[in-house]
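For the sequence shown, my numbering gives the first residue as 4, with consecutive numbering after it. Even for Gly, the Cβ is constructed at its ideal location relative to N, Cα and C.
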Amino acid sequence: MLKKVVGIAMGGYGSERSISIKSGETVFQNLNTGKWDIYRLLIDKNQWTVLDEKNIQIAFNKSKFNFNVNGENIRFDIIFNAIHGAPGENGDLADILESQKIPQTSCKTNVAKLTFNKRKCLEFAKKIGIATANSIVIEKGDLFDEENIENIVGLPCFIKPNRSGSSYGIAKVYHKEDIKEAVHKAFEEDSQVIIESFLEGTEISVGVYGINGNVIILPATEIIPENDFFDYQAKYEGKSEEITPAKIDIHIVKKVNNISEKLYREMELSGICRSEFILVKNEPHLLEINTVPGLTGESLIPKQLDAAGINITDFFDQLLEEALKKNN
Numbered sequence: 004m005l006k007k008v009v010g011i012a013m014g015g016y017g018s019e020r021s022i023s024i025k026s027g028e029t030v031f032q033n034l035n036t037g038k039w040d041i042y043r044l045l046i047d048k049n050q051w052t053v054l055d056e057k058n059i060q061i062a063f064n065k066s067k068f069n070f071n072v073n074g075e076n077i078r079f080d081i082i083f084n085a086i087h088g089a090p091g092e093n094g095d096l097a098d099i100l101e102s103q104k105i106p107q108t109s110c111k112t113n114v115a116k117l118t119f120n121k122r123k124c125l126e127f128a129k130k131i132g133i134a135t136a137n138s139i140v141i142e143k144g145d146l147f148d149e150e151n152i153e154n155i156v157g158l159p160c161f162i163k164p165n166r167s168g169s170s171y172g173i174a175k176v177y178h179k180e181d182i183k184e185a186v187h188k189a190f191e192e193d194s195q196v197i198i199e200s201f202l203e204g205t206e207i208s209v210g211v212y213g214i215n216g217n218v219i220i221l222p223a224t225e226i227i228p229e230n231d232f233f234d235y236q237a238k239y240e241g242k243s244e245e246i247t248p249a250k251i252d253i254h255i256v257k258k259v260n261n262i263s264e265k266l267y268r269e270m271e272l273s274g275i276c277r278s279e280f281i282l283v284k285n286e287p288h289l290l291e292i293n294t295v296p297g298l299t300g301e302s303l304i305p306k307q308l309d310a311a312g313i314n315i316t317d318f319f320d321q322l323l324e325e326a327l328k329k330n331n
């Protein structure tokens, strides 16, 4: 039986490019070469390039969606999506792959667009009874009043790009006079900015994935950042204490797990996702859903897999097999 050709999509267009490449390399190093014919698909704004196991670059024909190796035209059977941010997490890659009828390991286009937009994602969560922070959204070019912002969300507050990840462009603001600078910083990442009330509590991150109609919840991670919040340094440079499994009451764990499963099913998520919560007086409040979570050595999902006793190669196999099955 011929091996399926897997393309590991990595890179992307935004600030998260370097992290995505690290995640893609984790997948590349851990996929079963006896089962899959594996290439990396390095994506940037100007071109898409295929890398083989010897790091030799191969031209990729985006219109025909194939590449040539030793005179043979090769087309991917499936894409393992490891792109954080655009185009992997915002639905653009999914849209292209759906038009090419190529399955991939992450959410379908409409779901990715919903979850990547923090405002719309949180609005959906509220509709199904899940608590969130109070928030407002500002469009680039809008006039905004700092006093009005303070009245709606209070201080301190979080100012974030509405469509971005890895904590790029995020600021925690304590003083009204600092709001304008933080908003302009967030606008460097996106044309929409979401401003949220600060929630005092314990931060919890939960990995979730679906196999054969079952939703599997990984052991939750409790995050204690050294910095003021779980920013880029806390996520990727060791500036946080991460406890997996989280040292929280079993009843609270069950509540968080139930909400995570509800979100996964109701939003029709696919592949591995990570839901972020703040426990406020033991009540989980959703912060965001990450549909292409990091897979680097510093990332939470590999640590949660390890805590669950799940082999990472078997896990990647399952994600690919599930995506192929859904496409049949």
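Straight-line gap, residue i to residue j (C-alpha atoms, nearest Å)
i    : j    : result
H178 : G297 : 32 angstroms
L289 : E225 : 14 angstroms
N326 : F318 : For clarity, residue 326 is Ala in the given sequence; the question names Asn instead. Cα to Cα, A326 sits roughly 13 angstroms from F318.
L146 : V186 : 11 angstroms
E19  : N165 : 15 angstroms
I155 : I197 : 12 angstroms
P248 : I182 : 36 angstroms
K144 : N49  : In the sequence as presented, Lys is not what sits at residue 144; that position holds Gly. Rounded to whole angstroms, G144 to N49 spans 28 angstroms at the Cα level.
F233 : G216 : Caution is warranted here: a pLDDT of 46 is assigned to F233, below 50, making its placement in the model unreliable, and the coordinate value is therefore given only provisionally. Looking at the two C-alpha atoms, the distance is approximately 32 angstroms.
T52  : D309 : 32 angstroms
K250 : D98  : 40 angstroms
K306 : D252 : 20 angstroms
T316 : I22  : 20 angstroms
L117 : E192 : 18 angstroms
N314 : A174 : 36 angstroms
K258 : A311 : 19 angstroms
N71  : N113 : 32 angstroms
R122 : T36  : 41 angstroms
Close beta carbons around residue i, own chain, < 8 angstroms, minus the five adjacent residues each side
i    : result
N260 : V209, I220 and A223
L100 : I82, P106 and Q107
Sequence-distant residues of its chain with Cβ nearer than 7 angstroms to residue i (five each side left out)
i    : result
E92  : I86, A115, F119, G168, T294 and V295
V131 : Just to set this straight, residue 131 is Ile in the shown sequence, not Val. Excluding sequence neighbours, I131 sits near K265 and E269.
A89  : G15, Y16, G17 and D95
V30  : I11, F83, A85, L298 and F319
N76  : N69
D55  : Y42 and I61
E142 : S194 and Q195
Check whether residue i and residue j have beta carbons under 9 angstroms apart
i    : j    : result
C160 : F201 : yes
I292 : S273 : no
I162 : K188 : yes
F79  : V9   : yes
M13  : L44  : yes
L158 : V140 : no
I24  : Y42  : no
Member of the options whose CA lies at the smallest distance from the CA of residue i
i    : options                   : result
N73  : A310, I59, K183 and D309  : I59
Q321 : N285, L117, F280 and I81  : I81
G27  : K38, A136 and I46         : I46
I246 : E301, N215, A174 and S263 : E301
S263 : A249, P287, H254 and Q103 : P287
G172 : E180, S194, E279 and E153 : S194
V211 : C110, E56, D145 and T299  : C110
K67  : A97, S102 and K306        : S102
D128 : I214, K175 and E271       : The amino acid at residue 128 is misidentified as Asp; the sequence shows Ala. The residue with the shortest Cα to Cα distance from A128 is E271.
A134 : K328, S23, G312 and E199  : E199
D148 : A174, L117, E180 and K121 : E180
C276 : V256, V218, I313 and Q32  : V218
K328 : N285, E206, G312 and G213 : G213
E206 : S138, N285, E184 and N137 : N285
Start and end residues, beta strand (DSSP E) containing residue i
i    : result
Q60  : Q60 to N64
N71  : N69 to V72
N261 : Counting along the chain, N261 falls outside any beta strand (DSSP E), though it belongs to the alpha helix (DSSP H) covering I253 to E269.
N280 : First, the amino acid is wrong: residue 280 is Phe here, not Asn. C276 to V283 is the extent of the beta strand (DSSP E) around F280.
I219 : N217 to I220
S167 : It is not in any beta strand (DSSP E) - S167 carries neither H nor E in the DSSP assignment.
A85  : Premise fails: A85 is in no beta strand (DSSP E) and is neither H nor E.
K175 : A174 to V176
Close beta carbons around residue i, own chain, < 6 angstroms, minus the five adjacent residues each side
i    : result
G204 : I281, L282 and V283
L303 : S208 and T224
K6   : W39 and D40
N330 : P106
T108 : F83, N84, G274, L322 and A326
L125 : T135
Y267 : V211 and V218
Extent of the continuous alpha helix (DSSP H) run through residue i
i    : result
K130 : K121 to K130
E199 : First-last for E199: Q195 to S200, but that is the beta strand (DSSP E), not the alpha helix (DSSP H).
F318 : I315 to N330
S23  : R20 to N33
V156 : E149 to V156
H187 : I182 to F190
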